[in-house]
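Keeping their order, the protein sequence lines are chains A and B. All residue numbers for the first sequence refer to my numbering, where the first residue is 562 and numbers rise by one. All residue numbers for the second sequence refer to my numbering, where the first residue is 238 and numbers rise by one. In this text, a Cβ means the ideal position worked out from N, Cα and C, and glycines have one as well. Contents: one structure, followed by commentary.
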Amino acid sequence: MKRKIILGLLAGAGAAGLIGCAATATTSETDAARRAAQVLRASFASKGMASLDRLDQDDVQRLCTEYAEQAVPPAIAERIQAQQLALVKKPASGKLIGDWKAGEKIAQEGRGMQFSDAPDGPRGGNCYACHQLSPQEISFGNIGPSLLGYGKLRGNSEAVIEYTYNKVYNSQAYSACSNMPRFGHKRILSPEQIADVVALLLDPQSPVNK
Amino acid sequence: MRLKRIPGRTGIAAAAMCAASAALAQSAADEIAKYRQMLADDNPAELAEMKGAELWKTPRGPKKASLERCDLGLGPGLVKGAYTQLPRYFADTDRVQDLESRLVTCMTTLQGWSEAEARKNPFGANSDMQALVAYIASQSKGMRMAVPMAHPKEREAYAVGKRIFFYRAGTHDFACATCHAAPDLRIRLQNLPNLLDKQGAQLAYTTWPAYRVSQGEVRTMQHRLWDCFRQQRFPDAQYTSEAITALTTYLAKNADGGIFNAPALKR
Numbered sequence: 562m563k564r565k566i567i568l569g570l571l572a573g574a575g576a577a578g579l580i581g582c583a584a585t586a587t588t589s590e591t592d593a594a595r596r597a598a599q600v601l602r603a604s605f606a607s608k609g610m611a612s613l614d615r616l617d618q619d620d621v622q623r624l625c626t627e628y629a630e631q632a633v634p635p636a637i638a639e640r641i642q643a644q645q646l647a648l649v650k651k652p653a654s655g656k657l658i659g660d661w662k663a664g665e666k667i668a669q670e671g672r673g674m675q676f677s678d679a680p681d682g683p684r685g686g687n688c689y690a691c692h693q694l695s696p697q698e699i700s701f702g703n704i705g706p707s708l709l710g711y712g713k714l715r716g717n718s719e720a721v722i723e724y725t726y727n728k729v730y731n732s733q734a735y736s737a738c739s740n741m742p743r744f745g746h747k748r749i750l751s752p753e754q755i756a757d758v759v760a761l762l763l764d765p766q767s768p769v770n771k
Numbered sequence: 238m239r240l241k242r243i244p245g246r247t248g249i250a251a252a253a254m255c256a257a258s259a260a261l262a263q264s265a266a267d268e269i270a271k272y273r274q275m276l277a278d279d280n281p282a283e284l285a286e287m288k289g290a291e292l293w294k295t296p297r298g299p300k301k302a303s304l305e306r307c308d309l310g311l312g313p314g315l316v317k318g319a320y321t322q323l324p325r326y327f328a329d330t331d332r333v334q335d336l337e338s339r340l341v342t343c344m345t346t347l348q349g350w351s352e353a354e355a356r357k358n359p360f361g362a363n364s365d366m367q368a369l370v371a372y373i374a375s376q377s378k379g380m381r382m383a384v385p386m387a388h389p390k391e392r393e394a395y396a397v398g399k400r401i402f403f404y405r406a407g408t409h410d411f412a413c414a415t416c417h418a419a420p421d422l423r424i425r426l427q428n429l430p431n432l433l434d435k436q437g438a439q440l441a442y443t444t445w446p447a448y449r450v451s452q453g454e455v456r457t458m459q460h461r462l463w464d465c466f467r468q469q470r471f472p473d474a475q476y477t478s479e480a481i482t483a484l485t486t487y488l489a490k491n492a493d494g495g496i497f498n499a500p501a502l503k504r
């Protein structure tokens, strides 16, 4: 039932579009935005996996750029979140919790999707770049919050599992313009790999929860 | 089923662990700072500076001319302080140029190289460009950053550069701002400068070019930004392209007033 509500919201946001929300932008800012898009297009070349179309912004990227220096207005944030949540895809098996050991490997792996990376080479989530997870790994970043004890603090109810899967799949389903990549939505990780990361966060056997 | 945000981190144990980790990160940063200081008096960048000084005055190219009449913005042949006032607008090319873009211009007009020849070897051990940049930058040591904004194209470059700084795109939705717009951030244990903060912007900009110990090379600002874009999962940023110049203008202007201290020594 809830799904219907979300789709309804989406339809509302759809036609009117997520476009044209930057009523506050001054003319010169709009000019700079237009020029920047042209300049970027003329200044890069496709290489390896990274083709030129990576510079083309989707609606979310454009809005998040628009509001980069201010809070996203609540109505727009709600729309983004509803739209992104509706785009989450679950693994074919329906299993949202995979193998935490595989999840740890994905969390450690920083390679993937750069023009210098082999297209069929390793591809990870690089979670430790921004988050603390397993206590054994002391080389972790702090752009995102510490996730040490994530499952211990939250339990693993259906609601928590669902939230965690969705969050990794599409961070903006709950937090519009989050800094975190949309790992599932942008096909950085497969639904099964995301389930493995969920296991790293929620499995009581995972070092994250020890 | 739509869920509300799960309650945030709690607990004294977690806080204590956070503090311990922060201490670890701090001690790693301290060690790196110590290491830097130990090497500071013997920066291998000096070898590149000497090579660049030779290249500057040696007649080269089809026209067998030196670069000594190259105008880096302060007049033909004036090198001292030039780097602190770049990027800037040049009337002869009718565009804003950073040092490397300007050197390409001088190598074509004065020395007679083709544009492709002048740009073909921008980075790496055998790069003349890299050595020239090291030399020219070294001649601004101790001087204050003062990037001109009098020309409309300079102001436009700044505005476009600012937009690029915040431009989110690609597979990971990253912008420069994802990592460089808040204080005290790290990727793993690597500290990230906050480029929106005056001091952060000054410290970052005034220490490039730099000899990268991990890479065994002097790296220029062009290289730094090219490699940032690679990690951002953007396509291949072209050498001396307008986007790089605009972004450099934004970063350089934000560092205004900072005392230039490069070529520096970095990890």
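> Is the segment 281-290 of chain B in contact with the segment 446-462 of chain B, if contact means three or more CB pairs nearer than 8 Å?
Replying inline: yes
> Beta-carbon of THR585 (chain A) versus every beta-carbon of chain B: anything under 8 Å?
Replying inline: On the first sequence, residue 585 (chain A) is found 24 positions in, with the first residue counted as 1. Caution is warranted here: a pLDDT of 47 is assigned to THR585 (chain A), below 50, making its placement in the model unreliable, and no coordinate value can be reported.
> What is the rounded straight-line gap between the Cα of LEU502 (chain B) and the Cα of ALA441 (chain B)?
Replying inline: In the second sequence, the residue the question calls residue 502 (chain B) occupies position 265. In the second sequence, the residue the question calls residue 441 (chain B) occupies position 204. Roughly 12 Å between the two C-alpha positions.
> Around the Cβ of THR591 (chain A), are there at least 16 other Cβ atoms within 10 angstroms (buried) or fewer (exposed)?
Replying inline: Position 30 of the first sequence, counted from the first residue, corresponds to residue 591 (chain A). Flag for THR591 (chain A) reads exposed.
>> Using a 10 Å radius around the Cβ and a threshold of 16 neighbouring Cβ atoms, would you call ASN363 (chain B) buried or exposed?
In response: Sequence index remark: in the second sequence, residue 363 (chain B) carries index 126 (1-based). The residue in question, ASN363 (chain B), is exposed, as its Cβ has fewer than 16 Cβ neighbours within 10 Å.
> Which residues in the same chain have their Cβ closer than 7 Å to the Cβ of GLU698 (chain A), if we skip the five residues on either side of it in sequence?
Replying inline: Translated into the one-based positions of the first sequence, residue 698 (chain A) becomes position 137. TYR689.
> With 8 Å set as the bound, which would you pick, yes or no: does the beta-carbon of THR626 (chain A) sit closer than that to a beta-carbon of chain B?
Replying inline: Counted from its first residue, the first sequence places residue 626 (chain A) at position 65. Interface residue, yes.
>> Assuming ILE641 (chain A) is part of the alpha helix (DSSP H), what are its boundary residues?
In response: Walking along the first sequence from the start, residue 641 (chain A) turns up at place 80. Per DSSP, ILE641 (chain A) belongs to the alpha helix (DSSP H) from 635-647.
> According to DSSP, is ILE667 (chain A) helix, strand or coil?
Replying inline: Residue numbering aside, residue 667 (chain A) sits at position 106 when the first sequence is read from its first letter. Here ILE667 (chain A) sits in helix by DSSP.
> If you check the beta carbons only, do GLY289 (chain B) and ALA371 (chain B) fall under 8 Å apart?
Replying inline: Here residue 289 (chain B) is taken as the residue at index 52 of the second sequence, counted from 1. Here residue 371 (chain B) is taken as the residue at index 134 of the second sequence, counted from 1. Going by C-beta atoms, GLY289 (chain B) is nearer than 8 Å to ALA371 (chain B).
> Which term fits ARG405 (chain B), buried or exposed, when burial requires 16 or more other beta carbons within 10 angstroms of its beta carbon?
Replying inline: Locating residue 405 (chain B) in the second sequence gives position 168, where the first residue counts as 1. So ARG405 (chain B) ends up on the buried side.
>> Taking 8 Å as the cut-off, does the segment 645-664 of chain A touch the segment 720-738 of chain A (at least 3 CB pairs, one atom from each stretch)?
In response: yes
> Which residues in the same chain have their Cβ closer than 6 Å to the Cβ of CYS413 (chain B), if we skip the five residues on either side of it in sequence?
Replying inline: As a first step, residue 413 (chain B) is located in the second sequence; it is residue number 176 there, counting from the start. So the list reads PHE402, once near-sequence residues are dropped.
> Excluding the five sequence neighbours on either side, which residues of its own chain have a C-beta within less than 7 Å of the C-beta of HIS460 (chain B), listed in chain order?
Replying inline: To locate residue 460 (chain B), count along the second sequence from 1; it is residue 223. Hits under 7 Å: PHE360.
> In chain B, which residues lie with their C-beta within 8 Å of the C-beta of PRO742 (chain A)?
Replying inline: Counted from its first residue, the first sequence places residue 742 (chain A) at position 181. Simply THR408, HIS409, ASP410, PHE411.
> Taking C-alpha atoms, which residue in B:ASN431, B:ARG425, B:SER303, B:ASP493 lies nearest to PRO523 (chain A)?
Replying inline: What the structure shows of chain A is the stretch from 562 to 771, and residue 523 (chain A) is not part of that stretch, so it cannot be assessed.
>> Can you find the residues in the same chain that come closer than 7 Å, C-beta to C-beta, to VAL601 (chain A), ignoring five residues on each side of it along the sequence?
In response: Taking the first residue of the first sequence as 1, we reach residue 601 (chain A) at position 40. Residue 601 (chain A) is actually Leu in this sequence, not Val. Closer than 7 Å at Cβ, skipping near neighbours: LEU616.
>> Going by C-alpha to C-alpha distance, which of A:MET674, A:PRO635, A:ILE722, A:ASP681 sits closest to ASP764 (chain A)?
In response: If you number the first sequence from 1, residue 764 (chain A) lands on position 203. When each option's Cα is compared against that of ASP764 (chain A), the closest is A:ILE722.
>> Excluding the 5 residues flanking ILE755 (chain A) on each side, which residues of the same chain have their C-beta closer than 7 Å to its C-beta?
In response: Within the first sequence, the letter at position 194 stands for residue 755 (chain A). Taken in chain order, the residues that qualify are TYR726, VAL729, TYR730, PHE744, GLY745.
> Residue range of the alpha helix (DSSP H) that PHE403 (chain B) falls in?
Replying inline: Start at 1 with the first residue of the second sequence, and residue 403 (chain B) comes out as number 166. Element bounds for PHE403 (chain B): 389-403.
> How close, in whole Å, do the beta carbons of GLN675 (chain A) and ALA606 (chain A) come, if the pair is a contact with beta carbons under 8 Å?
Replying inline: Within the first sequence, the letter at position 114 stands for residue 675 (chain A). Within the first sequence, the letter at position 45 stands for residue 606 (chain A). Not really, about 15 Å apart at Cβ, beyond 8 Å.
> Which word fits ALA760 (chain A), buried or exposed, when buried means at least 16 other C-beta atoms lie within 10 angstroms of its C-beta?
Replying inline: Within the first sequence, numbered from 1, the residue matching residue 760 (chain A) stands at position 199. Buried, by the Cβ-count rule.
> What did DSSP end up calling PRO313 (chain B) once you bin it into helix, strand or coil?
Replying inline: Start at 1 with the first residue of the second sequence, and residue 313 (chain B) comes out as number 76. Three-state DSSP puts PRO313 (chain B) in a strand.
> VAL784 (chain A) versus chain B: which residues are under 7 Å apart at the beta carbon?
Replying inline: Residue 784 (chain A) lies beyond the residue range present for chain A, which begins at 562 and ends at 771; the question has no answer from this structure.
>> Against chain B, does LEU616 (chain A) count as a neighbour if the rule is that its beta carbon must be under 8 Å from one of theirs?
In response: Against the first sequence, residue 616 (chain A) aligns to sequence position 55. True, the Cβ-Cβ gap to chain B drops below 8 Å.
>> So LYS650 (chain A) contacts chain B; which residues on that side make the cut at Cβ distance below 9 Å?
In response: The residue given as residue 650 (chain A) occupies position 89 in the first sequence. Here the premise fails: no neighbours, minimum Cβ distance about 16 Å.
> Straight-line CA distance for ALA586 (chain A) to LYS435 (chain B)?
Replying inline: Counting from one through the first sequence, the residue named residue 586 (chain A) turns up at place 25. Counting from one through the second sequence, the residue named residue 435 (chain B) turns up at place 198. Note that ALA586 (chain A) scores 47 on pLDDT, short of 50, meaning its location in the model is unreliable; the coordinates nonetheless yield the value given after this. The alpha-carbon atoms of ALA586 (chain A) and LYS435 (chain B) are separated by roughly 24 Å.
>> Just to confirm before moving on: does the CB-CB distance between LEU488 (chain B) and ALA438 (chain B) stay below 8 Å?
In response: Numbered from its first residue, the second sequence carries residue 488 (chain B) at position 251. Numbered from its first residue, the second sequence carries residue 438 (chain B) at position 201. Their beta carbons are under 8 Å apart, which means LEU488 (chain B) touches ALA438 (chain B) by this criterion.
> Quick one, which of A:GLU665, A:CYS738, A:LEU657 has its alpha-carbon nearest ASN717 (chain A)'s?
Replying inline: Counted from its first residue, the first sequence places residue 717 (chain A) at position 156. Among A:GLU665, A:CYS738, A:LEU657, the Cα nearest to that of ASN717 (chain A) belongs to A:LEU657.
> Going along chain B in order, which residues have a C-beta closer than 7 Å to the C-beta of GLN622 (chain A)?
Replying inline: The residue you call residue 622 (chain A) lines up with position 61 of the first sequence. Within 7 Å Cβ-Cβ: ARG405, ALA406, ASP410.
> Quick one: what does DSSP say PRO472 (chain B) is sitting in, helix, strand or coil?
Replying inline: Here residue 472 (chain B) corresponds to residue number 235 of the second sequence, with the count starting at 1. Correct three-state label for PRO472 (chain B): coil.
>> Using CA atoms only, rank isn't needed, just tell me which of A:ALA638, A:PRO742, A:ALA597 is closest to HIS692 (chain A).
In response: The sequence position of residue 692 (chain A) within the first sequence is 131, counting from 1. Of A:ALA638, A:PRO742, A:ALA597, the residue nearest in Cα terms is A:PRO742.
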